[in-house]
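This note's numbering puts the first residue of the sequence shown at 70, with every later residue one more than the last. Beta carbons: idealized from backbone N, C-alpha and C, even for Gly.
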Amino acid sequence: MAFAIHDAELRARLEPRAKPYFVRIADGLHLGYRKGKAVSRWVIRERRRGAYQTRTLRQVQPDDQFPADGVGVLNFQQVVEKMMSESNSKIRCSFCGKSRHEVAKLVAGPGVFICDGCITLCQLYIDHPAEDAKLLIEDGKAVLKDGEPVFVPFSKAELRQRKEMLAADP
Ligand SMILES: [Zn+2]
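What follows is the structure, given as structure tokens:
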């Protein structure tokens, strides 16, 4: 079972226990949250040469009582970024499959990642439902012109034509 450790509010509902609550980040790479009665810690479990190694991050604390500052208090996203920078694991965008080296930013969710490009694409879909406009997408990317997404709206005639084509399809 996957535990919701990405959110401080959800972590507050977990029972204190000796065994950390783990979530999978990538193949052979897991992030854990060890919930103590007084002190809680992030725990990293990584497979190296066939064996799992677990280490507790003692220099930082989860953002349970204090807001994350990226230095001494790390939230889920920040601790995953730390893991990514220290690990050789192949971490990829769950949507387009690009590695973290091919994108500007990978945002972590519980067991999934999304890159900045896919976030832009999602936002475009949300802002512009495909009813009467279409995104210009080449090689799975929204085409940008001068930093702005380019839209190619269907004309009414084109829409009618498409509907007729679909209707005529046996
Ligand atoms: Zn992506």
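Based on the DSSP output, what are the partners of C184 in its beta bridges?
-> Taking the first residue of the sequence shown as position 1, residue 184 is located at position 115. For C184, which the question treats as bridged, DSSP gives the partners L175.
Residue of R127, R93, K167 minimising C-alpha distance to E115 = Walking along the sequence shown from the start, residue 115 turns up at place 46. It is R93 whose Cα lies nearest to the Cα of E115.
Near ligand 1, which residues have their beta-carbon less than 7 Å from any of its heavy atoms, given in chain order?
-> C162, F164, C165, K167, V172, I183, C184, G186, C187
Nearest CA to the CA of V112: which residue from T123, F164, A77?
-> One-based indexing of the sequence shown puts residue 112 at position 43. Among T123, F164, A77, the Cα nearest to that of V112 is on T123.
Within 10 angstroms of the Cβ of D185, are there 16 or more other Cβ atoms? Answer buried if so, exposed if not.
-> Stepping through the sequence shown from its first residue, residue 185 is reached at position 116. Under this definition D185 is an exposed residue.
Could you tell me which residues DSSP pairs with S168 in its beta bridges?
-> The residue you call residue 168 lines up with position 99 of the sequence shown. R161.
Apart from the five residues on each side of it in sequence, which residues of its chain come closer than 6 Å, Cβ to Cβ, to A177?
-> For the purposes of this step, residue 177 is taken as the residue at position 108 of the sequence shown. Taken in chain order, the residues that qualify are Q146, V149.
C-alpha gap between K174 and D133, whole angstroms | Position 105 of the sequence shown, counted from the first residue, corresponds to residue 174. Position 64 of the sequence shown, counted from the first residue, corresponds to residue 133. Those two C-alpha atoms are separated by around 25 Å.
In chain order, what residues of the same chain have a beta carbon less than 7 Å from the beta carbon of P89, not counting five sequence neighbours either side?
-> For the purposes of this step, residue 89 is taken as the residue at position 20 of the sequence shown. Hits under 7 Å: G101, Y102, R103, V112.
Can you tell me which of the three DSSP states A120 falls into?
-> Here residue 120 refers to the residue found at position 51 of the sequence shown. Note: A120 maps to strand in three-state DSSP.
Alpha carbon to alpha carbon, how far is E233 from F164?
-> Indexing the sequence shown from 1 puts residue 233 at position 164. Indexing the sequence shown from 1 puts residue 164 at position 95. Their Cα atoms are separated by approximately 32 Å.
Measure from the alpha carbon of G105 to the alpha carbon of each residue in P179, D96, T125, I188, then state which is nearest.
-> Here the question's residue 105 lines up with position 36 in the sequence shown. Per the Cα distances, T125.
What is the DSSP secondary structure of I195, counted as helix, strand or coil?
-> To locate residue 195, count along the sequence shown from 1; it is residue 126. Helix at I195.
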